[in-house]
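Note that our numbering has the sequence shown beginning at 162, numbered continuously upward.
Glycine included, every Cβ here is placed at the ideal spot set by N, Cα and C.
Just so you know, these numbers come straight off a predicted model, no measurement behind them.
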Amino acid sequence: MKIIRACSFFVVAFVLVLPNANAETLSDMLRSLSENHAKIRGAEAELAEAKHDVKSSYLEWLPTVTLTADVAHDQTTLDSATATATNINPDSYDVEVKLNQTIWDFGVKNSAIDSVLLTQRIRELELASEKQ
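Now the structure itself:
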């Protein structure tokens, strides 16, 4: 009887001391690992950067608009001896709008776009490799 009490005491003490076990399935553990692993998060960030670079490289083909405005105020001086005015220039205002569109650049922009697209594909493959 004393042995049963001693064993039951140790069993109860052992159960109370053990931390609560959280049951997780293997798929839950793998999903958690893939979401939180530093290499995978880094590869996802590099892929997002490559996608952004692709979008910005296509913007090189869009026209650019330049707006310039100038105002000049000239003063008139009067020569008292001859009573003539010199440097008579009215105020001048100048507004200029330029629209530049690249029509052909001998493949420079297209090769840059191809390079960025290849970099994006490499980043996609690196992410897939990290997830495996």
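{"Item": "With DSSP as the reference, label L223 as helix, strand or coil.", "Value": "coil"}
{"Item": "Hey, how far is the Cα of V215 from the Cα of W265?", "Value": "20 Å"}
{"Item": "State the CB to CB distance for the pair V258 and L228, rounded to an integer number of angstroms; the pair is presumed to be in contact (CB under 8 Å).", "Value": "5 Å"}
{"Item": "Of the residues L220, L208 and L187, which one's Cα is nearest the Cα of E287?", "Value": "L208"}
{"Item": "Taking D255 as part of the beta strand (DSSP E), name the residues at either end of that continuous run.", "Value": "S253 to N261"}
{"Item": "When the distance is taken between beta carbons, is Q281 closer than 8 Å to A211?", "Value": "yes"}
{"Item": "Just to confirm my understanding: we take E205, look at its own chain, exclude 5 residues before and 5 after, and list those with CB closer than 7 Å. What are they?", "Value": "L288"}
{"Item": "Do D255 and D235 have their CB atoms nearer than 8 Å?", "Value": "no"}
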